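Only one structure is covered here, and it is reproduced in the block below.
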Amino acid sequence: PGTKYVHIGDVGRTDNLLDVVRGADALVMEATYTEEEGEMAVDFGHMTAARAAILARDAGVKHLILTHLSRRYSERDIRTEARAIFPNTYVARDFDHFQITREGVVRVKKEE
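Our numbering applies: residue 1332 is where the sequence shown begins, and numbers increase by one.
Here you go:
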């Protein structure tokens, strides 16, 4: 089988996404908030880092790449919350490139 890559934008809820992302080699998903502001995430149709990580864990995803972070959080805040649940988590930065294969995910260094 080929590589399974799933990219999910602003969703707010994950109850109907489990089968869609199940077994993905990489799931790219927004994590605008941390659980501290989980209600706001739902109100505005966004995810928290923890909820994205729970989806990845429960669906048997191999790697989670989080994006679309609120500026109120550091990359470390988002990564720490997600990795507590799903260790194979990356936080994407603007213009990052990732190589996604069945064997794994690698952040590709940009040429200067």
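Beta carbons are placed, not taken as given, at the ideal position from N, Cα and C, and that holds for glycine. From a predicted model like this one, the values you see are computed outputs, not experimental measurements.
Thinking C-beta only, is residue j closer than 9 Å to residue i?
i: Y1364; j: L1397; result: no
i: I1416; j: A1381; result: yes
i: T1379; j: D1356; result: no
Hey, how far is the Cα of residue i from the Cα of residue j?
i: G1343; j: L1400; result: 14 Å
i: H1377; j: H1428; result: 23 Å
i: G1354; j: T1432; result: 13 Å
i: H1394; j: K1440; result: 18 Å
i: A1413; j: V1359; result: 13 Å
Name the one or two DSSP bridge partners that residue i has.
i: A1357; result: Y1336
i: T1409; result: The amino acid occupying residue 1409 in the given sequence is Ile; Thr does not appear at that position. I1409 is not bridged to any residue.
Mapping the DSSP letters down to three states, classify residue i as helix, strand or coil.
i: G1435; result: strand
i: I1416; result: coil
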